[in-house]
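Residues 93 to 368 in this note's numbering are what the sequence shown spells out, letter by letter.
All residues carry an ideal CB built from backbone N, CA and C; glycine is no exception.
In what follows, a structure is listed as structure tokens, so that the remarks can point back to it.
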Amino acid sequence: MIFGCHVSIRNGYYAAAKTAKQYNASAFQFFPKNPRSLKIKKWDRNDTKLCKDFCIENGILSIAHSPYPTNLIPENEVMLKANVDSIINDLEIIEECGSIGLVVHFGVYKGNNVLHGYEKMIHTLNEVLSRWNGKSLLLIENNAGKGGGMGTTIEELVQIRNLVDYPEKIGFCLDSCHAFASGMWSGDNWEEVERKGKELGYFQHVKAVHLNNSKYKTGSMKDRHANIINGQITNEQMKRFILSHSLKDLPMILETPSSEGITHKEEINYLIQQFN
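Now the structure itself:
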């Protein structure tokens, strides 16, 4: 099993990779730049090369997460350009780090015409992917339902990928908390979720997992992560999820809170003891 967590790049990409190794992680996630800004970042290419080389030497996988303001359904042309340029900037950075892909949340749309929202999202993705020819993928993450129900179903995720001009450049990141909070996964219907996902061609393109428990019950539409053993998802439900054949060999990244008396290093060691 490949377990890891989100790591800060405060001291650079190479330092983030070394921190992951110190945590006994075999994978990690990072923000390519300031997580609260779409501003384009200039980066140290020696730092990204050291990160990539270190990960190869130590058998560590990495993914990255786009900044919080990123929205695949921007409100206007100015924001469209800002989002597209920012995502390309992120992809360029993580390509040099050797990362699998960049996680981007399914778009959020504030209008009443949901179909128009989907159309705008496909347009944004085409704008990005027409300019991107690297190996790192754009990984669309399922939503929890906060702020609207878009992006909470397997059908939507698969259909968006099918409708873009460059589907081969898109994969998926499955967030366990989001799936639970949205009601996609009740905790007891994993076999049904897995069967549907295989039939629709979803799991074939899942490249990473966000391994989070949930502070709230299934169907709550509340995106509040909890530590693996402390949330509403029971140990048995989480075990079935982690050991699922569809998720085998994928990096499972913790985005759990550090304020509940358990560190990411302790959680990773717990997961290794339980599943490796």
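**OP:** Pull up the DSSP beta-bridge partners for Asn-305, would you.
**Re:** Ala-318
Original post:
When burial is assigned at 16 or more other CB atoms within 10 Å of the CB, is Tyr-201 buried or exposed?
Top reply: By the neighbour-count definition (other C-beta atoms within 10 Å, threshold 16), Tyr-201 is a buried residue.
**OP:** Please go through the same chain and pick out, in chain order, the residues whose beta-carbon is closer than 7 Å to the beta-carbon of Ser-312, but skip the five residues on each side of it.
**Re:** Ala-273
Original post:
Are the stretch 123 to 140 and the stretch 155 to 170 in contact at 8 Å, needing three or more beta carbon pairs?
Top reply: yes
Original post:
Per DSSP, Gly-263 is paired with what?
Top reply: Leu-231
Subject >> CA nearest to the CA of Gly-275, picked from Arg-223, His-302, Asn-235, Glu-149 >> reply: Asn-235
Original post:
Taking the Cβ atom as the reference point for each residue, do Ile-186 and Pro-124 lie within a distance shorter than 8 Å?
Top reply: yes
Original post:
Under 8 Å between C-beta atoms, does Arg-316 make it to chain C?
Top reply: The structure shown contains no chain C, having only a single protein chain.
**OP:** State whether the stretch 141 to 159 contacts the stretch 98 to 107, with contact taken as three or more CB pairs (one from each stretch) at a distance under 8 Å.
**Re:** Segment contact: the stretch 141 to 159 against the stretch 98 to 107, three or more CB-CB distances shorter than 8 Å; contact assigned.
Original post:
What whole-angstrom Cβ distance do Leu-183 and Ser-222 have, given they're in contact under 8 Å?
Top reply: Wrong, their Cβ atoms sit about 13 Å apart, outside the cutoff.
Subject >> Member of Ser-350, Phe-264, His-215, Leu-339 whose CA lies at the smallest distance from the CA of Phe-95 >> reply: Leu-339
**OP:** Let me know the beta strand (DSSP E) ranges lying completely inside the stretch 160 to 231, each 3 residues or longer, listed in chain order.
**Re:** DSSP runs (the beta strand (DSSP E)) wholly in the stretch 160 to 231: 193 to 197.
**OP:** Could you tell me the boundaries of the alpha helix (DSSP H) in which Gln-329 lies?
**Re:** Its alpha helix (DSSP H) spans residues 327 to 334.
Original post:
Residues bridged to Ala-271 by DSSP?
Top reply: Paired residues: none, contrary to the question.
**OP:** Would you identify the three-state DSSP class for Gln-366, choosing helix, strand or coil?
**Re:** helix
Original post:
Using a Cβ-Cβ cut-off of 8 Å (strictly less than) and excluding sequence neighbours within five positions of Glu-167, which residues of its own chain qualify?
Top reply: Lys-202
**OP:** Could you name the residues of the same chain whose beta carbon sits closer than 7 Å to that of Gly-237, not counting the 5 residues immediately before and after it, in chain order?
**Re:** Thr-244, Ala-273, Ser-274, Met-313
Original post:
What separation, rounded to the nearest whole angstrom, lies between the Cα atoms of Ile-192 and His-208?
Top reply: Roughly 30 Å between the two C-alpha positions.
Original post:
For Ile-155 versus Ala-271, is the C-beta distance shorter than 8 Å?
Top reply: no
Original post:
Using CA coordinates, which residue listed in Ile-232, Leu-346, Ile-214 is at the minimum distance from Ile-321?
Top reply: Leu-346
Original post:
Within 10 angstroms of its Cβ, does Glu-233 collect 16 or more other Cβ (buried), or is it exposed?
Top reply: buried
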